[in-house]
Amino acid sequence: MEIQLESTEPHTIRSYSDQSVLVSDKTLYHSCIISRQSIQTTWPIHTIEELTVDHLAALLQDKPDVIILGHTGKPTLLPHIASELSKQKIGIECMPLGAACRTFNVLLSEHRAVVLGIILAG
36 MEIQLESTEP
46 HTIRSYSDQS
56 VLVSDKTLYH
66 SCIISRQSIQ
76 TTWPIHTIEE
86 LTVDHLAALL
96 QDKPDVIILG
106 HTGKPTLLPH
116 IASELSKQKI
126 GIECMPLGAA
136 CRTFNVLLSE
146 HRAVVLGIIL
156 AG
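The letter at position 31 of the sequence shown is residue 66 when you use the numbering used here, and the numbering goes up by one with no holes.
Okay, here's the thing in C-alpha coordinates:
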(Lines of atoms letter the chains of each structure in order from A and count residues from 1; the text may use other names and numbers.)
(Lines give C-alpha, C1' and ligand atoms only; values in the text may rest on other atoms or scores of the structure.)
Protein backbone atom coordinates (compact mmCIF):
# COMPACT_ATOMS: atom_id res chain seq x y z
CA MET A 1 0.00 0.00 0.00
CA GLU A 2 1.27 3.44 -0.85
CA ILE A 3 1.22 6.06 1.88
CA GLN A 4 0.42 9.64 0.87
CA LEU A 5 2.31 11.88 3.23
CA GLU A 6 4.34 14.98 2.60
CA SER A 7 7.33 14.90 4.87
CA THR A 8 10.79 16.34 5.00
CA GLU A 9 11.97 13.53 7.25
CA PRO A 10 14.73 11.51 5.55
CA HIS A 11 13.45 8.09 6.65
CA THR A 12 9.75 8.43 5.95
CA ILE A 13 8.08 5.21 4.85
CA ARG A 14 6.57 5.71 1.38
CA SER A 15 4.92 2.31 0.89
CA TYR A 16 4.85 -1.23 2.23
CA SER A 17 3.70 -4.75 1.43
CA ASP A 18 4.05 -8.10 3.18
CA GLN A 19 7.40 -8.57 1.40
CA SER A 20 9.01 -5.10 1.45
CA VAL A 21 9.06 -1.55 2.74
CA LEU A 22 10.00 1.55 0.73
CA VAL A 23 11.88 4.05 2.92
CA SER A 24 12.57 7.32 1.11
CA ASP A 25 13.90 5.89 -2.17
CA LYS A 26 15.24 2.57 -0.85
CA THR A 27 13.27 -0.69 -0.96
CA LEU A 28 14.02 -3.07 1.93
CA TYR A 29 13.18 -6.77 1.62
CA HIS A 30 14.44 -8.05 4.98
CA SER A 31 13.83 -7.27 8.63
CA CYS A 32 15.29 -3.89 9.51
CA ILE A 33 15.31 -1.08 12.03
CA ILE A 34 14.41 2.48 11.08
CA SER A 35 14.73 5.69 13.09
CA ARG A 36 15.16 9.37 12.31
CA GLN A 37 18.94 8.94 12.57
CA SER A 38 19.54 5.65 10.80
CA ILE A 39 18.39 2.60 8.89
CA GLN A 40 19.87 -0.73 9.97
CA THR A 41 19.27 -3.01 7.02
CA THR A 42 20.48 -6.16 8.76
CA TRP A 43 18.39 -7.38 11.69
CA PRO A 44 18.52 -11.18 12.07
CA ILE A 45 14.90 -11.87 12.94
CA HIS A 46 12.09 -13.38 10.83
CA THR A 47 9.16 -13.76 13.25
CA ILE A 48 8.01 -11.93 16.37
CA GLU A 49 8.42 -15.16 18.33
CA GLU A 50 12.18 -15.09 17.65
CA LEU A 51 12.57 -11.72 19.39
CA THR A 52 14.80 -11.90 22.47
CA VAL A 53 16.22 -9.38 24.89
CA ASP A 54 19.48 -9.61 22.91
CA HIS A 55 17.68 -8.17 19.85
CA LEU A 56 16.80 -5.05 21.86
CA ALA A 57 20.34 -3.65 21.69
CA ALA A 58 19.90 -2.81 18.02
CA LEU A 59 16.53 -1.16 18.71
CA LEU A 60 17.98 0.94 21.53
CA GLN A 61 20.99 2.40 19.67
CA ASP A 62 19.22 5.67 18.84
CA LYS A 63 17.83 6.08 22.37
CA PRO A 64 14.09 5.96 21.61
CA ASP A 65 11.21 6.94 23.87
CA VAL A 66 9.01 4.46 22.03
CA ILE A 67 9.63 1.36 19.92
CA ILE A 68 7.15 0.10 17.36
CA LEU A 69 7.36 -3.46 16.09
CA GLY A 70 5.61 -4.08 12.79
CA HIS A 71 5.15 -7.51 11.26
CA THR A 72 2.78 -9.57 9.16
CA GLY A 73 1.81 -12.11 11.81
CA LYS A 74 -0.50 -11.88 14.80
CA PRO A 75 0.33 -8.68 16.74
CA THR A 76 1.62 -10.28 19.93
CA LEU A 77 4.07 -8.65 22.30
CA LEU A 78 6.23 -10.99 24.31
CA PRO A 79 6.03 -10.27 28.07
CA HIS A 80 9.79 -10.56 28.68
CA ILE A 81 10.44 -7.87 26.04
CA ALA A 82 7.79 -5.51 27.43
CA SER A 83 9.13 -6.04 30.94
CA GLU A 84 12.71 -5.26 29.96
CA LEU A 85 11.74 -2.06 28.15
CA SER A 86 9.44 -1.00 30.97
CA LYS A 87 12.42 -1.09 33.34
CA GLN A 88 14.12 1.39 31.01
CA LYS A 89 10.97 3.54 30.76
CA ILE A 90 10.64 2.92 27.02
CA GLY A 91 7.23 2.31 25.50
CA ILE A 92 6.72 -0.51 23.03
CA GLU A 93 3.86 -1.37 20.69
CA CYS A 94 3.50 -4.39 18.46
CA MET A 95 1.13 -4.05 15.51
CA PRO A 96 0.44 -5.12 11.95
CA LEU A 97 2.99 -3.86 9.46
CA GLY A 98 0.74 -1.26 7.83
CA ALA A 99 -0.36 0.27 11.13
CA ALA A 100 3.24 0.28 12.34
CA CYS A 101 4.46 2.13 9.23
CA ARG A 102 1.71 4.75 9.46
CA THR A 103 2.22 5.25 13.21
CA PHE A 104 5.98 5.58 12.73
CA ASN A 105 5.48 8.28 10.08
CA VAL A 106 3.13 10.24 12.34
CA LEU A 107 5.49 10.07 15.33
CA LEU A 108 8.44 10.94 13.10
CA SER A 109 6.59 14.02 11.82
CA GLU A 110 5.99 15.03 15.46
CA HIS A 111 9.76 14.82 16.05
CA ARG A 112 9.36 12.03 18.59
CA ALA A 113 12.25 9.72 19.47
CA VAL A 114 10.77 6.65 17.78
CA VAL A 115 12.31 3.48 16.39
CA LEU A 116 10.51 1.05 14.09
CA GLY A 117 11.51 -2.59 14.00
CA ILE A 118 10.15 -4.20 10.84
CA ILE A 119 9.97 -7.98 10.87
CA LEU A 120 9.73 -9.52 7.40
CA ALA A 121 9.82 -13.25 6.77
CA GLY A 122 12.09 -12.83 3.71
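Built from N, CA and C at the ideal position, the CB exists for glycine as well. Just so it is clear, the structure is predicted and the values come from calculations on it, not from any experiment.
Residues near A93 in its chain [Cβ-Cβ closer than 7 Å; skip 5 each side]
I68, Q75 and W78
When you compare only the Cα positions, how much space is there between A117 and Q123?
10 Å
Going straight from the alpha carbon of V56 to that of L63, what length do you get?
5 Å
What's the gap between the Cα of P114 and the Cα of L86?
11 Å
Under the three-state DSSP convention, the category K61 falls into
strand
Tell me the DSSP secondary structure of E44 in three-state form.
coil
If you draw a straight line from the alpha carbon of A134 to that of G105, how long is it in whole angstroms?
8 Å
Counting only runs of 4+ residues fully inside the region 81 to 110, write out the alpha helix (DSSP H) ranges in chain order.
91 to 95
Rounded straight-line distance, which links the Cα of L120 to that of E144
Strictly speaking, residue 144 in this sequence is Ser, with Glu absent from that position. Going by the C-alpha atoms only, they are around 23 Å apart.
How should P45 be labelled, buried or exposed, when 16 other C-beta atoms within 10 angstroms of its C-beta is the threshold for buried?
exposed
Classify I116 as helix, strand or coil using the three-state DSSP reduction.
helix
Quick one: residues in its chain with C-beta nearer than 8 Å to the C-beta of R147, no 5 flanking neighbours on either side, listed in chain order?
Counting only Cβ-Cβ distances below 8 Å, and skipping sequence neighbours, we find D100 and V101.
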